[in-house]
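For reference, the structure is listed below as structure tokens.
In our numbering, the protein residues as written are 8 to 139.
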């Protein structure tokens, strides 16, 4: 059970450029924002994304992702900057990547056949699976 986060990872001075998401998935939407008025960030917002999960279930997903991600340090893993709550919506913060996620980058650069890209990107998953 994941039900609390260490205060050391809770951020302040986080602002969103736009409340409309850049993209969204099953559990969260991704927004572009700014941290401490200088760093462009990606804000993963868990609020209101899945109408079939309770608030408790969404918080469990959020807490677990934050607690696992903050432990991961690897060149191929996007750094974890911290968390914050926008109203009642839990959010995870990471650096903004202009090329988007791996799927968008591979598609935009026609790398679909490049097994090296997929191998390099999947290597950190070994570490993630060891943490579970």
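Positions of the beta carbon are idealized from the N, C-alpha and C atoms, including for glycine.
Exercise. To the nearest angstrom, how far is it from the Cα of residue 41 to the Cα of residue 76?
Worked result: As a position in the chain shown, residue 41 is number 34, starting the count at 1. As a position in the chain shown, residue 76 is number 69, starting the count at 1. Each residue's alpha carbon lies about 20 Å from the other.
Exercise. Which stretch, first to last residue, makes up the alpha helix (DSSP H) that contains residue 75?
Worked result: As a working mapping, residue 75 is identified with position 68 in the chain shown. Element bounds for residue 75: 62–76.
Exercise. Are residue 101 and residue 86 close, meaning C-beta to C-beta below 8 Å?
Worked result: Position 94 of the chain shown, counted from the first residue, corresponds to residue 101. Position 79 of the chain shown, counted from the first residue, corresponds to residue 86. Yes.
Exercise. What do you reckon, are the CB atoms on residue 25 and residue 39 nearer than 8 Å?
Worked result: Mapped onto the chain shown, residue 25 falls at position 18. Mapped onto the chain shown, residue 39 falls at position 32. Going by C-beta atoms, residue 25 is nearer than 8 Å to residue 39.
Problem set entry | Helix, strand or coil at residue 84 [DSSP, three-state] | Stepping through the chain shown from its first residue, residue 84 is reached at position 77. Looking at residue 84 - three-state DSSP - the assignment turns out to be coil, as it is neither helix nor strand.
For this session: Using the Cα positions of residue 23 and residue 93, report the straight-line distance between them to the nearest angstrom.
Result: Indexing the chain shown from 1 puts residue 23 at position 16. Indexing the chain shown from 1 puts residue 93 at position 86. C-alpha separation (whole angstroms): 10 Å.
Problem set entry | Euclidean distance between Cα positions of residue 31 and residue 11 | As a working mapping, residue 31 is identified with position 24 in the chain shown. As a working mapping, residue 11 is identified with position 4 in the chain shown. For residue 31 and residue 11, the distance between alpha carbons rounds to 25 Å.
Problem set entry | Where residue 16 sits in the DSSP three-state scheme | Counting from one through the chain shown, the residue named residue 16 turns up at place 9. If DSSP states are grouped into helix, strand and coil, residue 16 belongs with the helices.
For this session: Take the Cβ of residue 59 as the centre, count every other Cβ of all protein chains shown within 10 Å, and call the residue buried at 16 or more, exposed below.
Result: Residue 59 sits at position 52 when you count from the first residue of the chain shown. Result: exposed.
Exercise. Can you tell me the Cα-Cα spacing of residue 47 and residue 65, whole angstroms?
Worked result: On the chain shown, position 40 is the one that residue 47 refers to. On the chain shown, position 58 is the one that residue 65 refers to. About 25 Å.
Exercise. Could you give the distance in angstroms between the alpha-carbon of residue 63 and the alpha-carbon of residue 70?
Worked result: The count along the chain shown starts at 1 and reaches residue 63 at position 56. The count along the chain shown starts at 1 and reaches residue 70 at position 63. Each residue's Cα considered, the two are about 10 Å apart.
For this session: Give the DSSP bridge partners of residue 39, in chain order.
Result: As a position in the chain shown, residue 39 is number 32, starting the count at 1. In DSSP, residue 39 forms a bridge with 49.
For this session: Return the CA-CA distance between residue 135 and residue 84, expressed in angstroms with no decimal places.
Result: By 1-based counting over the chain shown, the position of residue 135 is 128. By 1-based counting over the chain shown, the position of residue 84 is 77. Only weak support is given to the placement of residue 135: the predicted model assigns it a pLDDT of 47, under 50, and the value that follows is read from those uncertain coordinates. Their Cα atoms are separated by approximately 10 Å.
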